[in-house]
Amino acid sequence: MIPEKKAEKTPVVEMRRISKHFPGVRALDDVSVSVHGGEVHVLLGQNGAGKSTLVKTLYGAYQPDAGEVFVDGRPVRIASPADARRLGIAVIFQEFSLVPYLDVAQNIFLGRELRGRLPGMLDHRRMHEEARRLLAPLGAGFATDTLVHRLGVAEQQIVEIAKALSQRARVLVMDEPTAALSEREIRTLFDIIRGLKAEGAAIVYISHRLREIFDIGDRMTVLRDGRNVAALRPAETSVDELVRLMVGRQVTTTYRQRFCGSPGDPLLDVRNLHSRSGVADVTVSVRAGEIVGLAGLVGSGRTELARAIFGADHRSAGSVRVGTQSLEGGPSAAVAAGVGLVPEDRKAQGLALIRSVRDNLLVAGLRHLFPGGWYRPAAAARSAADLIARLAIRTPSPTRLVKFLSGGNQQKIVIGKWFTAGARLFIFDEPTRGIDVAGKADLYALAEELVGQGAGILLINSELPELVAVCDRAYVMRDKRIVGHLGRAELSEENILRLAMHHG
Amino acid sequence: MRSVGSRLIVLAVLSIGLAAATNAFLTVSNLLNVLRQASLTFLLASGLTLTIVAAGLDLSVGANVGLSACLAATVIKSTGSIAAGVAAGFVCGVVIGLLNGALITALRLPPFIATYGMLWVLHGITYWYMAGETIHDFPQGFRSIGSGYLLGVPVPIYLMAVALAAGGLFTRYTTYGYELYAVGANGEAARLSGVPVRARLNLVYMLSGAMAGLAAIVYLARLNSAEADIGEPLTLPAIAAVLIGGTSLFGGVGGLFGTLVGATTLTLVLNGMNLLAINANWQPLVTGAIVLIAVGVDIATRQRMESRA
Amino acid sequence: MGNGAPFVPGRVFSKVPGVAYLLVVLAVAFAIFESRFATVANLLNVGVQSSILLLLALPMTLIIMTEGLDLSMGAVLSLSTVVMAFALVNGHSVVAAVARGAFVGLAFGAGNGLLVVVGRIPPFVATLGTLGIAQGIALVATDGQSVVGVGARLPALYRATWLGVPFSIAVATAAYLVFHTLLYHTRFGTYVPALGGNPDALVLAGVRAKTYHMAVYALGGLTAGFAALLLTGRMNSGHPIAAIGMEFDAIAAVIVGGTSFERGNGWLPGTVLGVLTVGILKNGVDLMEVPSSLQVASIGLLVIVALLVDQLRGRLRGRA
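Protein chains in written order, with the numbering used here: chain A, 2 to 505; chain B, 15 to 323; chain C, 18 to 337.
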């Protein structure tokens with residue numbers, strides 16, 4: 002950590018030596034950050050570097066395992082979002098805290114309504130006046146009696162800011178605020194931020210859009226693997242240096258023994274794909290024997306693309322071919338064509354927790370194993386037992402409910418169920434999230450075995466070192482488009498980050 | 015099967031209690047009567063069970079019986095053919111089931127709203143159709159479906175056994191039945207595993223309607239008369255039977271054998287109330303209270319089931 | 018996502034609430050095809066008949082806005098008429114009798130609130146259960162018979178008119194004003210759409226969401242109990258199953274009026290229009306001598322048409 006040497010006025014908020022552990026993961030390790038009034042302090046780092054955890058600790062959603070938080074130099078304990086609010090810390094959520102069918106003024110004053118003269122009645126006039134007063138410097142173009150669900154994302158954000166200001170917030174935390182905004186709206190937001198700065202507010206700004214960071218940031222803290230690796234000012238640094246600071250961990254584990262020298266037949270051919278979820282003009286391909294990476298930062302559209310290919314989200318234009326046939330329709334068509342999806346949220350979307358290991362392993366393969374519709378329990382039990390053995394799934398019995406298994410074993414089931422379905426093209430969305438090192442090694446060994454037998458894998462992984470260590474090549478996504486393709490020789494964390502972050 | 019054992023124990027305890035409370039309980043004729051009644055409830059509740067397993071609900075089953083029975087009655091009377099009447103009632107039930115399925119999968123109405131609305135629409139159509147009349151006096155052959163005996167055992171019990179066997183076959187030996195449980199346990203995960211969820215839902219609502227149609231025939235045969243309100247008191251006991259039997263309202267768990275145990279338990283309670291000369295007006299109240307208790311147990315069990323070990 | 022610019026008539030079409038169209042179309046159709054429809058006497062009759070339904074539909078609107086449902090209202094109302102009738106037979110004043118009926122309703126409403134909010138039982142199951150219980154109690158207490166002999170004061174009150182406005186319409190109007198004030202001018206009313214649309218926001222704002230949520234159901238029961246005043250007056254007696262099924266009409270009126278099960282969306286004036294629409298439909302169908310049993314089917318059809326009209330308006334407005 003590079004300490005600030007100059008003597009300065011007391012920071013509005015200081016987080017000193019904060020550590021936070023979760024089972025199996027050290028999210029924050031001895032992190033110190035000071036946020037001063039009248040400044041925009043940027044938090045920078047890759048996915049999983051700890052930005053989100055730090056912010057959640059600040060507004061009371063998490064309690065730190067070690068370290069202290071100081072507000073105006075006084076130590077405080079922030080046990081809940083209400084505490085944070087009382088201390089003047091506000092987080093600008095996007096959908097979290099607005100009620101769709103109430104109007105702007107009602108949302109701003111939710112829980113703190115202004116009373117009128119008659120008992121029990123509200124003073125709408127004063128609330129709307131107050132709301133207008135709060136909104137005026139923010140350049141809001143909408144009336145205070147507009148129902149919030151009618152507002153665009155940028156306008157809702159302005160309402161959130163007004164809400165925070167009405168609670169006399171002195172620290173505003175903004176997490177990826179420009180993700181859904183147009184150029185013009187970003188300009189407006191930055192004007193608002195500059196106005197807030199002039200009034201002495203402290204702004205914590207999380208983003209990976211480098212151009213914006215250099216535009217609006219006064220100070221920057223770079224996090225990597227839960228540690229604070231640098232505190233800089235934009236004027237003192239460059240894009241390259243930032244990227245180097247964000248990356249940097251050496252790959253210690255070799256996950257893949259042998260890369261694909263001569264890929265086989267095309268398994269997946271996606272052209273000009275558009276989807277209702279926002280995927281725009283994507284063309285990618287995967288051939289037999291390859292592990293192809295899909296890289297990008299949070300919000301870049303990787304999961305949307307995976308789901309669109311699988312048919313889980315509606316495709317509005319473009320084509321998807323699996324092997325030689327064209328794929329139309331939803332997931333059941335994809336499964337019949339031999340595609341398997343390992344979803345990002347394995348518990349909510351990949352498993353039926355109250356069902357057994359066996360049932361979860363068989364559900365995708367039913368039509369493949371029993372095409373006539375007659376389910377034969379004995380044959381099913383055998384298939385399941387084979388799979389359990391082959392994947393080394395650790396469970397006392399095949400009838401054990403899946404919710405009792407460890408994360409790694411659950412993930413093996415989410416992947417393994419596709420074997421009974423005869424899948425040849427696998428789409429893995431964050432398959433190693435929340436899994437320990439041994440589990441990861443098992444999974445990648447399995448992946449290598451699969452592609453060795455002629456399958457193809459499209460791999461989404463936010464852990465760039467893993468992605469680089471495992472993939473034959475990778476596409477990089479940003480803003481729901483493909484912005485680059487890196488072959489084996491060019492595949493590195495820096496190159497990926499550069500493509501993923503360059504906002505222009 | 016979700017702790018069917020404990021439910022069987024409850025059933026046994028109830029039986030012993032009733033046998034002790036009144037002499038009239040433990041007679042062959044009373045027990046056969048109880049089983050006959052339970053079989054009727056089971057027939058109606060069997061399709062309903064499957065919809066609940068799939069995390070849905072069919073509130074229209076009682077009204078379905080009403081319309082299907084009245085339709086069957088008029089067909090029997092006007093054509094003189096029992097077979098035609100049975101077919102008419104059955105087809106009516108199936109069509110209603112298909113309509114429910116369409117409302118839920120195509121119009122995406124929540125199941126309780128769709129089937130609740132269907133309930134009232136059927137109710138109205140039935141009342142209009144019957145125009146206040148009663149149809150009674152059916153041929154002996156037909157009546158034996160509901161009131162008759164075969165080898166000393168009431169016919170509906172055989173029908174119940176067939177339905178139970180067919181249902182068991184469906185849920186345990188077909189992929190369709192298997193997939194219903196997956197859909198109920200986690201519909202999105204099932205969809206992302208390639209299960210054609212909408213097709214399965216349409217199937218299960220059709221089955222619920224079909225069983226209601228069949229139950230209508232048996233009820234009609236048993237009561238030997240058809241009036242517009244024939245189906246009204248049937249929905250609540252059917253739901254109660256499913257819930258008492260251990261099938262969870264939230265889907266993915268339970269089965270037909272549980273519903274049979276539930277139907278028998280409920281019938282026992284109501285039978286006991288009759289034997290003990292408790293005013294019949296208490297019955298809807300008791301049934302309602304039982305439903306609430308069963309749901310409460312379901313929720314408590316489910317919360318334990320879904321939290322981590 | 019709009020598919021191209023909507024043409025101007027479409028824009029107007031989508032701004033006026035759908036229920037207004039239905040109401041006008043139905044009223045005009047009946048006026049044309051049934052000569053007895055468009056008379057002052059008949060329209061007043063529609064108003065009187067609809068008053069009770071409005072009393073049920075108003076709290077139902079709030080409950081639906083919280084993404085809930087109350088199926089027990091009809092049974093609770095029936096039970097309250099029995100309670101009220103018994104009180105009158107025993108010589109109590111009308112006010113005391115109404116109070117008892119309302120209290121019984123409140124008890125059931127509070128019970129619903131407890132089951133749904135604390136017990137976390139899905140609303141339709143919870144209220145289905147309390148429906149059975151309310152119905153059961155009413156049947157046991159009356160052995161299925163009407164409770165007659167309620168005296169002369171109630172019928173006199175019911176038939177009274179003030180400046181030509183019948184008693185029931187006056188009561189219904191007063192109830193509307195109360196609910197309007199509640200929903201649009203009090204804290205409670207602000208929280209109702211939040212309960213349906215984003216309950217987390219309430220919790221984050223430090224509001225005791227559960228208490229307010231239960232209060233919505235309690236209010237429903239209370240109002241249903243109070244509505245016994247009008248129903249007992251109309252029947253001149255109490256009856257254990259007189260109002261069974263009225264909750265369906267209330268739900269239909271609320272949905273036709275534009276309130277949906279979606280995230281706290283609701284419009285109280287729309288409920289009034291919805292009640293009038295249902296009332297006109299029933300009245301017109303009655304005058305045309307269509308059997309009353311088909312009325313229910315026609316109301317179901319009305320709901321489906323209303324939902325389709327709203328979908329169409331949404332599409333024209335450019336919502337996907």
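Even glycine gets a Cβ: it sits at the ideal position worked out from N, Cα and C. This structure is a prediction, so every number in the text was calculated from the model and none was measured.
Interface residues of chain C facing residue i [CB-CB closer than 8 Å]
{"i": "Leu250(B)", "result": "Leu145 and Gly149"}
{"i": "Asn293(B)", "result": "Val157 and Asp160"}
{"i": "Gln107(A)", "result": "Thr207"}
{"i": "Val311(B)", "result": "The premise fails here: Val311(B) is roughly 11 Å from chain C at the closest Cβ pair, so nothing lies under 8 Å."}
{"i": "Leu263(B)", "result": "Pro139 and Val142"}
Neighbour list for residue i in chain A, Cβ cutoff strictly below 7 Å
{"i": "Arg204(C)", "result": "Glu114 and Leu123"}
{"i": "Leu221(C)", "result": "Pro82 and Ser98"}
For residue i, the residue or residues it bridges with in DSSP
{"i": "Asp104(A)", "result": "Leu148(A)"}
{"i": "Leu73(B)", "result": "In DSSP, Leu73(B) forms no bridge with anything."}
{"i": "Arg234(A)", "result": "None, per the DSSP bridge assignment."}
{"i": "Trp179(C)", "result": "Val182(C)"}
{"i": "Phe23(A)", "result": "Val26(A)"}
{"i": "Pro267(A)", "result": "Arg288(A)"}
{"i": "Ala475(A)", "result": "Gly294(A) and Leu487(A)"}
Partner residues on chain B for residue i, Cβ-Cβ distance less than 9 Å
{"i": "Ser1(A)", "result": "Because chain A spans 2 through 505 in this model, residue 1(A) falls outside it and cannot be assessed."}
Residue j beta carbon less than 8 Å from that of residue i
{"i": "Ala270(C)", "j": "Gly291(C)", "result": "yes"}
{"i": "Phe264(B)", "j": "Arg316(B)", "result": "yes"}
{"i": "Ala446(A)", "j": "Val340(A)", "result": "no"}
{"i": "Leu40(C)", "j": "Leu293(C)", "result": "yes"}
{"i": "Val41(A)", "j": "Gly218(A)", "result": "yes"}
{"i": "Leu88(A)", "j": "Val72(A)", "result": "yes"}
{"i": "Gly128(C)", "j": "Tyr175(C)", "result": "no"}
{"i": "Leu212(C)", "j": "His230(C)", "result": "yes"}
{"i": "Phe143(A)", "j": "Glu156(A)", "result": "yes"}
{"i": "Leu298(C)", "j": "Gly138(B)", "result": "no"}
{"i": "Leu282(B)", "j": "Ser29(B)", "result": "yes"}
{"i": "Pro140(C)", "j": "Gly85(C)", "result": "yes"}
{"i": "Ile162(A)", "j": "Ile193(A)", "result": "yes"}
Proximal residues of chain B, C-beta to C-beta of residue i below 8 Å
{"i": "Gln152(C)", "result": "Pro298, Leu299 and Gly302"}
Residue i: contacting residues in chain A (beta-carbon distance under 8 Å)
{"i": "Ser17(B)", "result": "Under the 8 Å cutoff, chain A gives no residues; its nearest Cβ is about 14 Å from Ser17(B)."}
{"i": "Ala211(C)", "result": "Val100, Leu103 and Leu111"}
{"i": "Leu8(B)", "result": "Since the displayed chain B opens at 15 and closes at 323, residue 8(B) lies outside it and no answer follows."}
Proximity test, residue i beta-carbon vs the ligand SAH heavy atom, cut-off 7 Å
{"i": "Lys21(A)", "result": "No copy of the ligand SAH appears in this structure; indeed no ligand is present at all."}
Residues that residue i contacts on chain B, provided the C-beta gap is smaller than 7 Å
{"i": "Pro344(A)", "result": "Leu206"}
Per-residue contacts from residue i into chain A (C-beta, under 9 Å)
{"i": "Val115(C)", "result": "Those within 9 Å of Val115(C) in chain A number zero; the least Cβ separation is about 23 Å."}
Which whole runs of the beta strand (DSSP E) in the region 308-381 of chain A are 3 residues long or more, in chain order? 316-323 and 340-343
Is there contact here, the region 150-160 of chain B with the region 351-359 of chain A, by at least three beta-carbon pairs under 8 Å? no
I'd like to know if the region 80-95 of chain C and the region 138-151 of chain C are in contact, where contact means that at least 3 CB-CB pairs between them fall below 8 Å. yes
Does the contact criterion of 3 or more C-beta pairs under 8 Å hold for the region 96-104 of chain B versus the region 201-209 of chain B? no
Please list the residues of the region 296-318 of chain C that have a C-beta atom closer than 9 Å to any C-beta atom in chain E, keeping them in chain order. The structure shown contains no chain E; its protein chains are A, B and C.
Can you find at least 3 beta carbon pairs, one from the region 199-210 of chain A and one from the region 31-42 of chain A, that sit closer than 8 Å? yes
Runs of alpha helix (DSSP H) wholly within the region 378-451 of chain A (minimum 4 residues, chain order): 378-392 and 408-417
Within the chosen definition, does the region 306-317 of chain B reach the region 50-62 of chain B through at least 3 CB pairs nearer than 8 Å? no
Do three or more CB pairs link the region 313-325 of chain A to the region 267-285 of chain A at distances below 8 Å? yes
Three-pair Cβ contact test at 8 Å for the region 7-21 of chain A versus the region 174-188 of chain A: no
Segments of 3+ residues assigned as beta strand (DSSP E) that fall wholly inside the region 44-99 of chain A: 67-72, 75-77 and 90-93
Using 8 Å as the cut-off, can you tell me whether the region 59-77 of chain B makes contact with the region 26-39 of chain B, which would need three or more C-beta pairs spanning the two stretches below that distance? no
Any 3 or more C-beta pairs closer than 8 Å across the region 268-287 of chain C and the region 66-86 of chain C: yes
Contiguous alpha helix (DSSP H) assignments of at least 4 residues, all confined to the region 48-128 of chain B: 75-93 and 96-119
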